[in-house]
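One structure is given here, and the rest of the page talks about it.
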Amino acid sequence: MKLLALLLDSSAIATLLLAVTTGYVVYQVFFSPLAAFPGPFWAKVTYWYWAWRSMRGQAHRDLVNLHQRYGSVPEEAGGKFRKSAVHDTVTGTRPFDLLAQRDEKIHSGQRRLVASAYTMDSIVYLEPMVDSLIVSTMEKLSTLPGDIDLGGWIQLFAFDVIGAISFSRPSGFIEAGDDGGIFRRMQNSLSSISWLMYVDWFYSLYQRLMPVIGNWLAANDRNGHFFNFARQEITARKDRAGNTKDMASQLFAVQHTKTELDDTNIAFMMASNVLAGSDTTSTSARAVIYLLLKNPKSLQRLLDETEERKSDGRLSYPVKFQEAESWPYLQAVMYEAMRLYPAVGRNLDRDVPAGGLRIGDHWVPEGVSLSFHCSCTSKVMILFQTMVGSTAWAIHRIPEIWGPDVEDFRPERWLDEE
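For the sequence shown, position 80 matches number 80 in the UniProt record's numbering, and the numbering has no gaps at all.
What follows is the structure, given as structure tokens:
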């Protein structure tokens with residue numbers, strides 16, 4: 001009898017779970033505020049749909065394909081769009097974080113503290129450090145026999161540059177010809193963060209279990225390993241002292257009058273430089289080289305203009321920032337490469353502001369999580385429940401904006417003549 005009662009209880013529980021699950025699915029697909037928007041069935045039912053696609057490393061391509069399939073709708077909205085809770089996955093326990101800070105007042109205050117180190121004038125002032133690394137990198141490459149992995153060397157170069165402009169001390173990767181495993185750690189961390197942002201509740205659980213199971217996802221490396229690296233570099237930079245100007249020294253100067261910008265908060269900023277700055281820089285540079293090699297006509301035009309500018313004294317070696325900035329075709333090449341290969345592949349989510357949001361003929365209530373990209377005609381689709389989304393990968397492939405040849409590398413589209 002006890003066994004029968006247990007079986008009946010188990011059956012009742014299973015029936016209840018089935019009923020609740022069925023009701024949930026029916027509501028999500030047919031009655032939720034965003035049920036009228038087209039999109040994949042499983043995307044309406046569970047966040048794990050996009051988490052899984054992100055784990056595969058092709059979510060950015062999947063988003064483009066789905067945008068092309070489901071089309072465009074007009075988007076109208078008033079009010080401010082606040083970063084959604086998924087950004088907490090990026091922030092973790094960091095109190096100082098311009099990338100993921102959701103409170104606009106706090107973000108504004110933090111930004112004012114560090115803005116002087118990130119102005120264009122400040123970055124251009126550090127150009128000699130970059131020039132020195134360009135020369136040493138070219139010298140290193142000239143000594144290598146046979147074929148080389150140019151993409152890998154570009155990433156080594158980018159990491160050295162970030163170290164130089166941040167702490168006046170390159171990482172030494174170009175000289176060694178190796179990263180010591182740091183890039184694999186970066187890749188694991190960024191990949192984990194990418195899919196965990198779709199299931200932020202799982203990340204919260206993971207953080208609680210981390211003391212027991214360890215940081216096997218490397219998801220906390222931005223606040224752990226890379227923060228500790230930045231903290232050590234800051235201590236070493238202060239010990240070296242001297243008059244050399246870099247980003248860290250500019251923030252040290254702010255400390256004299258703004259004590260809230262302590263070494264810990266500076267380390268948070270420098271960790272972002274190291275983790276995000278080197279990765280996005282190398283991604284964009286590799287895209288430029290790759291697309292030029294795949295498009296001989298564009299490469300030849302750039303080479304011809306290079307020779308022309310060298311002959312009339314408009315180019316230095318290494319090329320200066322102002323020289324590159326005033327070179328229309330080079331700028332067009334870089335813009336076009338970053339259009340086709342944006343460094344950030346996922347959607348950046350926002351909360352619907354007070355008063356709600358009208359998308360086409362449908363109304364989205366406030367408080368809903370939204371990936372918002374512009375206040376004009378744009379591509380949107382259902383991601384899950386109350387989340388609609390778009391990414392730079394999709395925006396950069398809208399034919400109405402870029403023309404029918406959106407997948408072609410054509411720098412001329414950025415020039416006045418076009």
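Glycine included, C-beta positions come from ideal geometry on N, C-alpha and C.
Around the beta-carbon of Asn347, 16 or more other beta-carbon atoms lie within 10 Å, marking it buried.
For Asp246, there is no enclosing alpha helix (DSSP H), as DSSP gives it neither H nor E.
For the 8 Å CB-CB criterion, Tyr341 and Pro411 do not form a contact.
Each residue's CA atom was taken as its position, placing Ala51 and Lys320 some 42 Å apart. Taking 8 Å as the upper bound for CB-CB distance, Leu251 and Ala117 are in contact here, some 5 Å apart. Contact between Trp363 and Gly356 holds: CB atoms are separated by about 6 Å, below the 8 Å threshold. The beta-carbon distance between Ala343 and Thr283, rounded to whole angstroms, is 4 Å. This is short enough to meet the 8 Å contact definition. Its chain contains Ala267, Phe268 and Ala271 as the residues whose beta carbon lies nearer than 7 Å to that of Phe227, once the 5 sequence neighbours on both sides are disregarded; these appear in chain order.
Here Phe157 is actually not in contact with Thr143; their C-beta atoms are around 15 Å apart, not less than 8 Å. With a threshold of 16 other beta carbon atoms within 10 Å, Arg286 meets it and is buried. In this structure Tyr198 is buried. Its beta-carbon is surrounded by 16 or more other beta-carbon atoms within 10 angstroms.
Taking 8 Å as the upper bound for CB-CB distance, Asn243 and Ser166 are not in contact here, some 17 Å apart.
In the structure shown, Val20 adopts helical secondary structure according to DSSP, grouped into three states. Asp405 carries a coil assignment under DSSP once its states are collapsed to helix, strand and coil. Ranking Arg184, Ser108, Asp405 and Ile398 by CA distance to the CA of Asp279 puts Arg184 first. Taking 8 Å as the cut-off, the beta carbon of Ala164 is found closer than this to the beta carbon of Leu133. Judged by beta-carbon spacing, Glu325 lies beyond the 8 Å limit of Leu315, meaning their Cβ atoms are not closer than that value.
Under the 10 Å beta carbon count, Gln155 is surrounded by 16 or more other beta carbons and is classified as buried. Going by beta carbons, Leu63 and Trp414 fall outside the 8 Å limit. The alpha-carbon separation between Asp408 and Arg237 amounts to approximately 46 Å. The beta carbon of Thr281 lies closer than 6 Å to those of Ala158 in the same chain, with the five residues before and after it left out. In this chain, the alpha helix (DSSP H) harbouring Lys105 covers Glu104 to Val114. In chain order, Ser116 and Gln250 place their CB closer than 7 Å to the CB of Ser122, counting only its own chain and leaving out the 5 sequence neighbours on each side. Of the other Cβ atoms in all chains shown, fewer than 16 fall within 10 Å of the Cβ of Ile148; this residue is therefore exposed. Between Leu66 and Pro40 a beta carbon distance of about 7 Å is seen, short of the 8 Å cut, so the two are scored as contacting. Distances from the alpha-carbon of Ile289 to those of Tyr335, Val20, Thr264 and Asp97 put Tyr335 closest. Boundaries of the alpha helix (DSSP H) harbouring Ala394: Ala392 to Ile395, taken from the DSSP string. Taking the Cα positions, Asn215 is about 21 Å away from Gln232.
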